[in-house]
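In my numbering, the protein residues as written are 170 to 247.
Where a beta carbon is used, it is the ideal one built from N, C-alpha and C, also for glycine.
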Amino acid sequence: MKQGRKRRLGRRKVCPFCADKNLLLDYKDPELLKRFITERGRIIPRRISGTCAGHQRDLAEGIKRARNIALLPFSTIA
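Below, the structure is given as structure tokens:
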């Protein structure tokens, strides 16, 4: 019989915005937003970035706004 994959059970990542109340999520701050997009320009999912649901929604909205006013690229060609 085949054995199933072993799951890695690690600690849950802490939302950086909840942990540091001085860290404000603003669409005009591309350096902060670049931490949450891949090198191809895609938004990093919640399970990888560790953000909470509310901040992930705000983060996605901020990244999309920054793309619309050309602070962040829509995609990059590697």
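When secondary structure is reduced to three states using DSSP, I217 falls in the helix class. Our two residues, L178 and G219, have alpha carbons roughly 15 Å apart in a direct line. Taking one beta carbon from each stretch, the segment 211–228 and the segment 183–190 have 3 or more pairs nearer than 8 Å; the two touch. Secondary structure note for F186: its alpha helix (DSSP H) is the uninterrupted segment P185 to A188. Between F243 and the set D227, E208 and L194, the nearest pair of CA atoms involves E208.
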